[in-house]
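Have a look at the structure below before the remarks.
Protein chains in written order, with my numbering: chain A, 36 to 504; chain B, 23 to 522.
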């Protein structure tokens, strides 16, 4: 095949009609030349103060990306100040630096077409830089000022807080957003992962809270750096050592303890009334962490049950019955904290109970017997053969490798990923399904207009009505 | 997580300004080839990973539908995932007569439904039951979503399609050694499509409509606003179709639309990644070369009458207020269009943009403001300003502040620094957009289709550089007038009634 392609390639330049005669192949039985692929590796270097940096040079385009991954996030929000991490994350960049008031910072970066952005999620904070190579020196200086010398401008903080309050006012506008949020709250009730900002917690946050949150977490011994693109190795390491490697953290790093999520399973039916002609359905329960030995079986299970276009949920609910446009399920594998299993769809109000019943029985069904050989093979082939798409840009390669260190993955995780997927058997999938799926313990969230449902929600258990208005 | 919900109707709200890919760089890298049947192939060789992205763009979208076909371009996009005479079926010869019977029954049902209140309910129900029975029967011959399975097992990524006013695009990324699989499947899809499982898929589209518009007040406002802006031109109709439109669509209509337009002379292919262009040309010739050309997609003849007075629409919804303001303007490729791109950047791009500084930071009337073109590009469209008011400020206050900024554009020349910043950002974008196979393939197919040539991208920055502050003032004065304006507001309607 490879040879034929090569020859036809040569011939085509001179005489296309010769090629025309070649026989098109059947997609079901086609064979392909082998592909050379090895996982691209970045270089890991320590700065003078020990901060790790992942480097991957690529000179295709005259630009560079840099990022800092920081161990912080909303799981560290103080009680009564939910939203503090998110505000600190946005205001790190948004609130200016000691040298530049916010407006000047905005002006200088945007004029260079450089960007420095910061945001803090649940358990990871990130600050990223993108710049044309010619503006790298100056942008990197600003990046380090944002990291270590933020201003947290009072006025910008006030704007950000008022915006956060407005977002809370708007949080029930889209029924899908209501469903997603209420499921998350139900799954993680009592844990920081389940707590959401309210008007009261946002209002309680002051400039000093941001400053001390920043001081506590944003320090060179609590971050991993990445650099990708068109840089000179000697110069960038010198610059990073000067800007970040010489920063001495104050005292010993002390991250507050955050308790692990308590693994428990109890069903609930939560109803959020909304006058719409389509019902949002979300259901799920707690799941696994990345260290679970069933991880690879779960990846395969995910594909078969609800993670692909020919998954069981998609096939029955969308393709066969036309009940939904979007339907699927997913194990969100926890990295630090126990993750979740969740399924979602939206269907016309009159088909609500029918669709909930179908989802539940399809999920329960995969615990009753092994998946078919064809299902298993398709899932494994797809995961293994598409693996290389995780490595298509230098920025995604370095960030991925830094994240593996950040979350403490085994060093051989990537290298052995495909062989571990390949080793998964039908029995493994069944065992994982029986162990990690609990259809009798779903938190079921339904957003819609109960009057129009085909059956009352009470069919599925005791209904708690949520006040979302 | 990448959630697979293929077949999106492109919602251009977040589709920001037209920004080009590497100018000089791109000019050297694109290899162009036109086949005898009119098929256009654009290629860029990039060896940064052993992968390839292939996009096929048909220059036909919802703007080309007749009034009784509204929604068909998008539904057809879904249907073209259903297989061919050899793929997606166990035995087409026995399946085909059954598909005919299904369509005959559906036609009878549609005829009955068309009688409206005079329809015979019992007859309709019987036909509906018969249709469901026949579709169930046909199912035994179907291999469900075989295209997807073939791509998936071979490592395909991002298999999808989307429909807009102007066009329809099918896309996939594959490991580079699998490009022939793409050629085999896609050429078969162009030659021998079979629109099986039609009426079930129509229900899926109905759910897509409920999900994307009916149950989302801000999207419903958008649909209402666009419809109010056009009285003559089909840009006003939603790509997905109105509810009653979708109910009237049939396989017969879809096939007629398909046969008219889905031909190589109306298609543009971009293949970007780890390829050798000469080999790719040969491959495409081998698989697509024998497909006969079809009817060239005609120009839309309808022209919007000049608007002669402000239009205002409001939508009551269970959501917080939104404001959208539009002004009619010229299409892509006209000199004024590029001036609008500049205006859009000055007003709405980034933290230093005028609207962000004034409305979001200083007056704090809104939480976000954006500016963009919609609903298509090929024909005269709208310049749109979109804002979410921040309570207790009202949509009316935000509207006044937005209009004041437009007045400022008419009265004061913009600064050289503002213009230079945009040129700097274009330079950056030219580099950035070269960085992914999919992004490049998107740009090449999109601009070849809507601007007539992908070279639009490479000549863009030089054209923009010639625009003067006086041009901006002239355009602002000419277009930002009361009679050329459409204003839409989402007004909160909680169970207690409407409040402004």
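The beta-carbon is built from N, C-alpha and C at its ideal position, and this holds for glycine as well.
Chain B contact residues for residue i, given Cβ-Cβ distances below 8 Å
i: residue 134 of chain A; result: Result: empty, since nearest Cβ-Cβ is about 17 Å, beyond 8 Å.
i: residue 60 of chain A; result: 202 and 206
i: residue 313 of chain A; result: 229, 232, 233, 236 and 237
Residues that residue i contacts on chain A, provided the C-beta gap is smaller than 7 Å
i: residue 200 of chain B; result: 67
Reference residue i, options the options, closest by Cα
i: residue 74 of chain B; options: B:292, B:133 and B:158; result: B:292
i: residue 489 of chain B; options: B:361, B:411, B:407 and B:502; result: B:361
i: residue 391 of chain B; options: B:275, B:211, B:509 and B:411; result: B:411
i: residue 215 of chain B; options: B:167, B:497 and B:51; result: B:167
i: residue 355 of chain A; options: B:143, B:108, B:162 and B:65; result: B:162
i: residue 255 of chain B; options: B:461, B:284 and B:397; result: B:397
i: residue 406 of chain B; options: B:185, B:367, B:338 and B:196; result: B:367
CB contact check: residue i to chain A, cutoff 8 Å
i: residue 449 of chain B; result: yes
i: residue 367 of chain B; result: no
i: residue 438 of chain B; result: no
i: residue 524 of chain B; result: This structure gives no information on residue 524 of chain B, because the portion of chain B shown stretches from 23 to 522.
i: residue 122 of chain B; result: no
i: residue 170 of chain B; result: yes
i: residue 238 of chain B; result: yes
i: residue 272 of chain B; result: no
i: residue 453 of chain B; result: yes
i: residue 341 of chain B; result: yes
i: residue 389 of chain B; result: yes
Neighbour-count burial assignment, residue i, 16 or more Cβ in a 10 Å radius
i: residue 247 of chain A; result: exposed
i: residue 149 of chain A; result: buried
i: residue 186 of chain A; result: buried
i: residue 40 of chain B; result: Interpretation of residue 40 of chain B is limited by its pLDDT of 38, a score under 50 that renders its predicted location unreliable; the figure taken from the coordinates is listed afterwards. Its Cβ being crowded by 16 or more others within 10 Å, residue 40 of chain B is buried.
i: residue 114 of chain A; result: exposed
i: residue 300 of chain A; result: exposed
i: residue 92 of chain B; result: buried
i: residue 408 of chain A; result: exposed
i: residue 137 of chain A; result: buried
i: residue 371 of chain A; result: buried
i: residue 126 of chain A; result: buried
i: residue 69 of chain B; result: exposed
Cβ-heavy atom distance, residue i to the ligand ATP, below 7 Å
i: residue 218 of chain B; result: No copy of the ligand ATP occurs in the structure displayed, which carries no ligand at all.
Residue interval of the alpha helix (DSSP H) (run including residue i)
i: residue 282 of chain B; result: 273-283
i: residue 334 of chain B; result: From DSSP, residue 334 of chain B is part of no alpha helix (DSSP H) but of the beta strand (DSSP E) over 333-339.
i: residue 105 of chain A; result: Segment 98-105 is the beta strand (DSSP E) holding residue 105 of chain A; no alpha helix (DSSP H) there.
i: residue 412 of chain B; result: Segment: none, residue 412 of chain B is in no alpha helix (DSSP H) and carries neither H nor E.
i: residue 471 of chain A; result: 461-471
Amino acids of chain B, ordered along the chain, whose beta-carbon sits closer than 7 Å to that of residue i
i: residue 225 of chain A; result: Within 7 Å Cβ-Cβ: nothing; residue 225 of chain A doesn't reach chain B, min ~25 Å.
i: residue 301 of chain A; result: What residue 301 of chain A touches in chain B: nothing, since even the nearest Cβ is about 25 Å away.
Proximity test, Cβ basis, 8 Å: residue i and chain B
i: residue 276 of chain A; result: no
i: residue 180 of chain A; result: no
i: residue 79 of chain A; result: no
i: residue 485 of chain A; result: no
i: residue 382 of chain A; result: yes
i: residue 491 of chain A; result: no
i: residue 141 of chain A; result: yes
i: residue 470 of chain A; result: no
i: residue 205 of chain A; result: yes
Under 8 Å from the C-beta of residue i: neighbouring residues of chain A
i: residue 309 of chain B; result: 59
i: residue 370 of chain B; result: Those do not exist, as residue 370 of chain B stays about 13 Å from chain A at its closest Cβ, beyond 8 Å.
i: residue 179 of chain B; result: 421 and 424
Proximal residues of chain A, C-beta to C-beta of residue i below 9 Å
i: residue 166 of chain B; result: 345, 350, 354 and 355
i: residue 253 of chain B; result: Correct list: empty, because the minimum Cβ distance to chain A is about 28 Å.
Segment limits, beta strand (DSSP E) that includes residue i
i: residue 69 of chain B; result: Note, residue 69 of chain B: premise wrong, no beta strand (DSSP E); not H, not E.
i: residue 379 of chain A; result: 375-383
i: residue 151 of chain A; result: 150-155
i: residue 87 of chain A; result: 87-92
i: residue 60 of chain B; result: Residue 60 of chain B -> no beta strand (DSSP E), and no H or E assigned at all.
i: residue 308 of chain A; result: 303-308
i: residue 395 of chain B; result: 388-396
Beta-carbon neighbours of residue i, restricted to chain B and to distances below 9 Å
i: residue 317 of chain A; result: Neighbours of residue 317 of chain A on chain B: none; closest Cβ ~13 Å, over 9 Å.
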